[in-house]
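Peer 1:
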Amino acid sequence: MASDNNKLSLDSIRDSLIRQEDTIIFNLIERIKYPITPTLYKEASSSSWNISGSLFHYLFQETEALHSKVGRYLSAEENPFFPDKLPASIIPPSKCTPVLHPAAECVNVNEKILDVYKKQLLPLFCTDQADDEENFATTASCDIQLLQALSRRIHYGKFVAKVKFRDCTDQYKPLILAKDRDALMKLLTFEAVEEVVKKRVAKKAFVFGQQVTLNIDDNTKEAKYKVDPSLVSRLYDEWIMPLTKLVEVEYLLRRLD
Ligand SMILES: C=C(O[C@@H]1C=C(C(=O)O)C=C[C@H]1O)C(=O)O
295 MASDNNKLSL
305 DSIRDSLIRQ
315 EDTIIFNLIE
325 RIKYPITPTL
335 YKEASSSSWN
345 ISGSLFHYLF
355 QETEALHSKV
365 GRYLSAEENP
375 FFPDKLPASI
385 IPPSKCTPVL
395 HPAAECVNVN
405 EKILDVYKKQ
415 LLPLFCTDQA
425 DDEENFATTA
435 SCDIQLLQAL
445 SRRIHYGKFV
455 AKVKFRDCTD
465 QYKPLILAKD
475 RDALMKLLTF
485 EAVEEVVKKR
495 VAKKAFVFGQ
505 QVTLNIDDNT
515 KEAKYKVDPS
525 LVSRLYDEWI
535 MPLTKLVEVE
545 YLLRRLD
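To convert, count from 1 in the sequence shown and add 294; that's the numbering used here.
This is the structure:
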């Protein structure tokens with residue numbers, strides 16, 4: 295979507311962010327099918343699996359390496375979690391004019407996303423603290439899919455910041471030159487938009503997470519859902535939107551480099 299510079303607008307980018315809500319919520323519903331599985335994230339003892347680090351990190355790094363070889367990270371919309379370990383792409387880069395300022399390459403908050411995910415989000419959404427030894431690989435794959443969806447959404451802040459700078463250059467330029475983070479954060483924040491996002495993702499979580507039954511007389515009083523809508527709203531309010539705005543600020547601070 296963000297490849298055509300001329301068509302890029304705040305509305306078109308916001309439409310993409312809305313569509314990415316579906317991806318995040320469905321990946322979240324898939325992950326919380328499994329218990330937290332703490333063994334996945336523990337440093338593997340050298341005698342056990344003959345890998346360095348945890349099983350989760352091993353699968354994640356190998357996944358990113360394979361995706362890198364087929365060009366995933368040639369896209370400005372994708373940002374790797376392990377940028378220092380990526381093999382070169384076997385396909386050539388696009389000949390299209392880059393949409394983002396070259397400094398966008400330096401903006402990567404995935405280390406923060408991964409830390410928040412393991413320390414706060416997993417314990418918040420996965421209430422069962424057990425290990426599911428039958429599903430180590432599947433559980434870790436769900437983590438990776440969800441983390442990549444979160445990262446894509448949060449780093450879309452680069453495209454949002456690009457358009458906000460293009461459309462209101464005179465307002466942003468002095469704040470960038472003054473390196474005034476707080477003023478930049480205030481200028482780029484649209485609280486009304488954020489309120490709509492929080493309400494919409496809660497409604498999507500309720501709708502997408504409903505148990506579908508065919509028995510017409512199913513009048514169970516208590517609505518059963520696969521993910522707590524209020525937690526999805528909180529996910530956006532406390533983590534996704536603040537991290538998206540952090541990416542916007544980091545991009546803007548480099549925009550005049
Ligand atoms: C992404 C934007 O910038 C900010 C971040 C938002 C978000 O992460 O959903 C929403 C509104 C803004 O406060 C935007 O203006 O659309």
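Glycine included, C-beta positions come from ideal geometry on N, C-alpha and C.
Helix, strand or coil for SER435? Go by DSSP, reduced to three states.
Peer 2: Locating residue 435 in the sequence shown gives position 141, counting from the first residue. The answer is helix: DSSP assigns SER435 an H, G or I state.
Peer 1: State the DSSP-derived secondary structure class of GLN504, mapped to helix, strand or coil.
Peer 2: In the sequence shown, residue 504 corresponds to position 210, counting from 1. Of the three classes helix, strand and coil, the one that applies to GLN504 here is strand, per DSSP.
Peer 1: By the three-class DSSP mapping on this structure, what secondary structure does GLU399 have?
Peer 2: Here residue 399 refers to the residue found at position 105 when the sequence shown is read from its first residue. Residue state, collapsed to three classes: helix.
Peer 1: From TYR367 to SER310, what does the alpha carbon distance come to, in whole angstroms?
Peer 2: As a working mapping, residue 367 is identified with position 73 in the sequence shown. As a working mapping, residue 310 is identified with position 16 in the sequence shown. Cα to Cα, the separation comes out at about 19 Å.
Peer 1: Classify GLN442 as buried or exposed, calling it buried when 16 or more other Cβ atoms lie within 10 Å of its own Cβ.
Peer 2: On the sequence shown, residue 442 is found 148 positions in, with the first residue counted as 1. With 16 or more other Cβ atoms within 10 Å, it is buried.
Peer 1: Buried or exposed: which applies to ALA434, given that a residue is buried once 16 or more other Cβ atoms fall within 10 Å of its Cβ?
Peer 2: Here residue 434 refers to the residue found at position 140 of the sequence shown. Buried.
Peer 1: Taking C-alpha atoms, which residue in ILE510, TYR335 and VAL521 lies nearest to VAL495?
Peer 2: Taking the sequence shown and counting its residues from 1, the one referred to as residue 495 is at position 201. Per the Cα distances, VAL521.
Peer 1: Within the stretch 419-480, note down every full beta strand (DSSP E) run reaching 3 residues or more, in order along the chain.
Peer 2: Listed in chain order, nothing qualifies, since the stretch 419-480 has no complete beta strand (DSSP E) run of 3 or more residues.
Peer 1: When the Cα of LEU525 is compared with those of LYS301, ASP305, LEU304 and ILE318, which residue comes out closest?
Peer 2: The residue given as residue 525 occupies position 231 in the sequence shown. Among LYS301, ASP305, LEU304 and ILE318, the Cα nearest to that of LEU525 belongs to ILE318.
Peer 1: Assign VAL454 to one of two classes, buried (16 or more other C-beta atoms within 10 Å of its C-beta) or exposed (fewer than that).
Peer 2: In the sequence shown, counting from the first residue as 1, residue 454 sits at position 160. With 16 or more Cβ atoms within 10 Å of its Cβ, VAL454 is classed as buried.
Peer 1: On a Cα-Cα basis, can you pick out the residue from ARG475, ASP476, ARG549 and SER527 that is closest to GLU488?
Peer 2: Taking the sequence shown and counting its residues from 1, one reaches residue 488 at position 194. Nearest option by C-alpha distance: SER527.
Peer 1: Applying the 10 Å Cβ sphere with the 16-neighbour rule, what's the burial state of ASN321?
Peer 2: Counting from one through the sequence shown, the residue named residue 321 turns up at place 27. Flag for ASN321 reads buried.
Peer 1: Select from ILE438, ILE323, LYS389 and CYS400 the residue whose C-alpha is nearest the C-alpha of ALA359.
Peer 2: For the purposes of this step, residue 359 is identified with residue 65 of the sequence shown, where counting begins at 1. When only C-alpha atoms are compared, the closest one is ILE438.
Peer 1: According to DSSP, simplified to helix, strand and coil, what is GLU337?
Peer 2: For the purposes of this step, residue 337 is taken as residue 43 along the sequence shown, with counting starting at 1. Here GLU337 sits in strand by DSSP.
Peer 1: Helix or strand or just coil, what does DSSP make of TYR545?
Peer 2: Indexing the sequence shown from 1 puts residue 545 at position 251. Here TYR545 sits in helix by DSSP.
Peer 1: Need the endpoints of the alpha helix (DSSP H) that LEU368 sits in, please.
Peer 2: Taking the first residue of the sequence shown as 1, we reach residue 368 at position 74. No alpha helix (DSSP H) contains LEU368, which DSSP labels as neither H nor E.
Peer 1: On the CB-based measure, 16 or more other CB atoms within 10 Å of its CB, does VAL506 come out buried or exposed?
Peer 2: In the sequence shown, the residue the question calls residue 506 occupies position 212. The residue in question, VAL506, is exposed, as its Cβ has fewer than 16 Cβ neighbours within 10 Å.
Peer 1: Got a sec: does ligand 2 put a non-hydrogen atom nearer than 7 Å to the Cβ of ARG549?
Peer 2: As presented, the structure is devoid of ligand 2, carrying ligand 1 as its sole ligands.
Peer 1: Determine, using beta carbons only, whether TYR450 and THR538 come nearer to each other than 8 Å.
Peer 2: Reading the sequence shown from its first residue, position 156 is the one you call residue 450. Reading the sequence shown from its first residue, position 244 is the one you call residue 538. Taking 8 Å as the Cβ cut-off, TYR450 and THR538 qualify as a contacting pair.
Peer 1: Tell me whether GLU315, by its Cβ, gets closer than 7 Å to a heavy atom of ligand 1.
Peer 2: In the sequence shown, residue 315 corresponds to position 21, counting from 1. No; taking the cut-off as 7 Å, the Cβ of GLU315 has no heavy atom of ligand 1 nearer than that.
Peer 1: How is TYR519 classed by DSSP in three states: helix, strand or coil?
Peer 2: Indexing the sequence shown from 1 puts residue 519 at position 225. Looking at TYR519 - three-state DSSP - the assignment turns out to be strand.
Peer 1: Alpha carbon to alpha carbon, how far is MET479 from LEU304?
Peer 2: Counted from its first residue, the sequence shown places residue 479 at position 185. Counted from its first residue, the sequence shown places residue 304 at position 10. Each residue's alpha carbon lies about 17 Å from the other.
Peer 1: Using 8 Å as the Cβ pair cut-off and three pairs as the minimum, do the stretch 530-544 and the stretch 401-409 touch?
Peer 2: Yes: the two stretches touch, three or more of their Cβ pairs being nearer than 8 Å.
Peer 1: Which residue wins for smallest C-alpha separation from PHE484, given the options LYS458, ASP551 and LYS518?
Peer 2: Residue 484 sits at position 190 when you count from the first residue of the sequence shown. The candidate whose alpha carbon is nearest that of PHE484 is LYS458.
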